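Undergrad: One structure follows; several queries about it will come next.
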Amino acid sequence: MKLKYYPETDSLYIELAERPGADSHEVVPGVVLDFDAEGRLVGIDVDHASQVANLSRLQAEALPLQSVEMARG
């Protein structure tokens with residue numbers, strides 16, 4: 003899973019799987035779900051992310067992580 007923030011558009015993309023998206027559905031204004039060709043959820047796009055979430059802090063609980071990577075973009 004990857005979290006990608008795009009400051010120029012203030013959008014946050016949560017990549018759940020490394021599969022290409024084939025279809026998208028806006029579930030509420032500013033939130034789009036991306037699905038692969040088999041209908042499986044692969045990502046979530048949040049517009050105006052800084053107005054929706056606190057982007058200054060990230061907390062994870064009980065995830066079965068094997069590695070953690072931090073990249074500055």
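According to this note's numbering, the stretch in the sequence shown is residues 3 to 75, in order.
No residue lacks a Cβ here, since even glycine has one placed at the ideal position from N, Cα and C.
Please read all numbers here as calculations on a predicted model, not as lab measurements.
1. Provide the residue(s) that pair with Ser26 in DSSP beta bridges, ordered along the chain.
2. Count the other C-beta atoms from every protein chain shown that fall within 10 angstroms of the C-beta of Ala39, then say buried if there are 16 or more, exposed otherwise.
3. Kindly list the residues whose CB is nearer than 8 angstroms to the CB of Gln53, restricted to its own chain and excluding five residues on each side of it in sequence; keep chain order.
4. For Arg42 and Val29, I'd like the C-alpha separation in whole angstroms.
5. Measuring CA to CA, which of Asp47, Met3, Ala64, Leu5 is closest to His27?
TA: Let me spell this out:
1. Counting from 1 along the sequence shown, the entry for residue 26 is found at position 24. In the DSSP output, where bridge partners are listed per residue, Ser26 has Asp36.
2. Translated into the one-based positions of the sequence shown, residue 39 becomes position 37. The residue in question, Ala39, is exposed, as its Cβ has fewer than 16 Cβ neighbours within 10 Å.
3. Within the sequence shown, numbered from 1, the residue matching residue 53 stands at position 51. Cβ within range, chain order: Asp12.
4. For the purposes of this step, residue 42 is taken as the residue at position 40 of the sequence shown. For the purposes of this step, residue 29 is taken as the residue at position 27 of the sequence shown. About 15 angstroms.
5. What you label residue 27 is simply residue 25 of the sequence shown in a count that begins at 1. The option with the nearest alpha carbon to His27 is Asp47.
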